[in-house]
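Under the numbering used here, the first residue of the sequence shown carries the number 2, and numbering increases by one thereafter.
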Amino acid sequence: MKMVFTNMFFIMSLLMLIIMLVDKIESFAHISSISSSNHHHNIMLMSQIDEVNQSICRRDNEHQRYDIKHKTINRRDMLIKNAILLSSITSRPQVSFAKDISIGSSSDNPVAILGGGGKTGKEVAKALAGEGMYGISMTRSGKEVQLPKPTKEYVQCYPDPVDVREADSILKAMQHVHASAIVYTASASSKGGTAFEVDDLGVANAARVAESLGIRFVLVSALGIDRPESKGYQMTNTLGGNYNGIMDAKRQGEERGRKEMTKSKNYIIIRPGPLISVKSKNGAADIELNQGDYIGGGISRDELAGVVIGALKSDKKGVTVEAYRRATRQKIQPQFEDRAGFVSDTYTGMFDNVKPD
Ligand SMILES: NC(=O)c1ccc[n+]([C@@H]2O[C@H](COP(=O)([O-])OP(=O)(O)OC[C@H]3O[C@@H](n4cnc5c(N)ncnc54)[C@H](OP(=O)(O)O)[C@@H]3O)[C@@H](O)[C@H]2O)c1
């Protein structure tokens, strides 16, 4: 009897051992099939996990300085983030990390506004909030930007100065907030620097940072940049003081910006006409985009901000457009032939048929 019992125990143990071995072999086969097909991807994701961990720890340390009011990132968040990243390693089809994070989708990846304290910068902040997109206003002085309460739900103010004349200051700030895009609305000012410092070199600095971080760059430039012989160009170019040569500076700035982003082409340049104070009535429906610097007109800053949002959301790359209110459209020079523009009911839609530079 004892012998039978001992034999049964032996057979059961053997069976258990075989089951465990088969299980191990199967899971090993599964892992190796995943890892052979996605070896590089997994290494990439693991390093991203590491990066997320480091950045979260960094943010924990800097939490008070950065004043993230509505979000406390703690170990639990860290574990959840890791779990999400890990599940994307094993689930198929593989979804790339970058695709999961769309522009301004959370306060963890805000749209950074350079020159955020300026008139257009503030309108961009409002427009972002209006779209439910997250942003962060950055200013030369680091002073708090006065924004309406509902805007503040989505757009915070970066507490340190971000001077576009210093590439390091831009890079540090973008890395700190994990910016998902840069909107450049800075321009020469009495205290902020000359046109060549802000509208030329500053643009190059910001574009270089955007390229190095692999993020989108939207530049607010000006109509008529390619028409140095036009009256408008010459008048604006000789405003004097820090604004002297502003059209030349903007022209060079655009060129430098494109050059800095040759690889990714992840930029859109918007050239508004004169910025008018009469606010938008019908939003996108009143606006037209054009290309080639033939046609232009006035546009209000809230409409311009709408075009910026369209540029952030559009999947177009390496594009330069003029933006104006349809009711004010006219040829930049009388001898130009008329050119049909791009219109849509939405600010994003009007980019659908634009051509790359
Ligand atoms: N006004 C028009 O009719 C017109 C027409 C076509 C295109 N545009 C262009 O549209 C854009 C927006 O115009 P806007 O009138 O709305 O702008 P704005 O109110 O003059 O704002 C420009 C902002 O740039 C900031 N700035 C200056 N130097 C800086 C620096 N070194 N670092 C960081 N920020 C700096 C200024 O800050 P501080 O004041 O603190 O220095 C200011 O807040 C500009 O590029 C402008 O040239 C304007």
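Every residue gets a Cβ at the ideal spot worked out from N, C-alpha and C, and that includes glycine.
Looking at G194 and ligand 1, is the gap between the Cβ and the nearest heavy atom below 7 Å?
-> yes
Once you ignore the five residues that flank D358 on each side, which residues in its own chain have a CB closer than 7 Å to its CB?
-> R259, G319, V320 and T321
Just how far apart, CA to CA, sit I183 and A211?
-> 7 Å
Run through DSSP, which three-state label would L240 get?
-> coil
May I ask whether a heavy atom of ligand 1 can be found less than 7 Å away from the beta carbon of S181?
-> no
Is it the case that the CB of R302 approaches a heavy atom of ligand 1 more closely than 7 Å?
-> yes
Quick one: is R302 buried, meaning 16 or more other Cβ sit within 10 Å of its Cβ, or exposed?
-> buried
Roughly how many whole angstroms lie between the Cα atoms of S142 and I288?
-> 33 Å
Counted within 10 angstroms of its Cβ, other Cβ atoms place V112 as buried (16 or more) or exposed = buried
Taking buried to mean at least 16 other C-beta atoms within 10 Å of its own C-beta, is M134 buried or exposed?
-> buried
Uninterrupted beta strand (DSSP E) stretches inside the segment 182-235 (no shorter than 3 residues) = 182-185 and 217-221
Report yes if the C-beta of K173 is less than 7 Å from at least one heavy atom of ligand 1; otherwise report no.
-> no
Are R340 and D294 touching if we call contact CB-CB under 8 Å?
-> no
Measuring CA to CA, which of V163, F352, K332 and S108 is closest to K314?
-> F352
Where do the ends of the alpha helix (DSSP H) carrying P151 lie?
-> K150 to K153
Would you kindly work out how many angstroms separate the C-alpha atoms of V165 and L202, rounded to a whole number?
-> 8 Å
K282 versus L148 - alpha carbon distance = 21 Å
Where does E338 sit, in a helix, a strand or coil, going by DSSP?
-> coil
Sort N291, V308 and F343 by Cα distance to I333 and report the nearest one.
-> N291
Expected contact under 8 Å - CB spacing of G117 and T140 to nearest Å = 5 Å
Under a three-way DSSP split, which group does I310 fall into?
-> helix
Would you say I310 and E124 are within 8 Å of each other, going by their C-beta atoms?
-> no
With hydrogens ignored, establish whether the beta-carbon of D164 is closer than 7 Å to any heavy atom of ligand 1.
-> yes
Who are T321's beta bridge partners in DSSP?
-> I270
Can the beta-carbon of A205 be found less than 8 Å from the beta-carbon of F218?
-> no
Taking 8 Å as the cut-off, decide whether the C-beta atoms of D249 and H179 are in contact.
-> no
Can you name the residues that DSSP bridges to N291?
-> E323
DSSP state of A180, grouped into three classes?
-> coil
In chain order, what residues of the same chain have a beta carbon less than 6 Å from the beta carbon of G119, not counting five sequence neighbours either side?
-> T186
Examine the Cβ distances between the segment 186-195 and the segment 169-178 and report whether three or more of them are shorter than 8 Å.
-> no
Report the three-state DSSP secondary structure of S301 (helix, strand or coil).
-> strand
Short check: CB of I300 to CB of I270, under 8 Å?
-> no
Which residues in the same chain as E255 place their Cβ atom closer than 8 Å to its Cβ, once the five residues preceding and following it in sequence are excluded?
-> V204, L220, S222, I226, I270 and T321
Using the C-alpha atoms, what's the distance from T152 back to G342?
-> 32 Å
When every heavy atom of ligand 1 is checked, does at least one fall within less than 7 Å of the C-beta of S138?
-> no
So, helix, strand or coil for I296, using DSSP?
-> strand
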